[in-house]
Structures are given as structure tokens and as C-alpha cells.
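Okay, so the sequence shown: first residue is 271 according to the working numbering, each after it adds one. Every residue, glycine too, gets a C-beta built ideally from N, C-alpha and C.
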Amino acid sequence: IAEVNADEKEIYVDSDGKELELYFIDKTELTRDGKNVGFSSLKKGQKIEVKVKKVGKRLDPLSVKILE
């Protein structure tokens, strides 16, 4: 995670040298160790695994798994 913007419920993620901007949607599932956690659990510098759905030009995160 390069940056977390709690006000907008969005994160910026560095993926293979590209920065992706991901806005959380109502259906985004955020987990750590198999348990659902709140958006406040996200911190800059964490490693995450994200499954996204392309909607037009944007990517909606369907699931975000905190790895560390």
C-alpha cells in the first residue's frame, strides 16, 4: 500500500511499478487472517492481495486480504 485515504475509503497500491487507485465499494470484503476487519486496519506499507473487477476505466476492489 502506497497511501491510504480514509475520508474517501480509497487506497493507492503499487503493483509491478504501476500505482493503482482503488475506491472501496459496499461489496468490498476486507480480511486479515480469515476474519473480516474494518477499513482502519489498512496502513501504508502493508502487503495486500486484491481481487478487482474492471468497471469502465476504474477497478473496483471485490476483496482485499491483508498479508502482513
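Starting from residue i, follow the beta strand (DSSP E) in both directions and report where the run begins and ends.
i    : result
V283 : 280-285
I318 : 318-325
V274 : 273-275
K313 : First-last for K313: undefined, no H or E at that position.
D330 : 328-336
T301 : 299-302
Given a threshold of 16 other Cβ atoms within 10 Å of its Cβ, counted over all protein chains shown, does residue i qualify as buried or as exposed?
i    : result
L312 : buried
I295 : exposed
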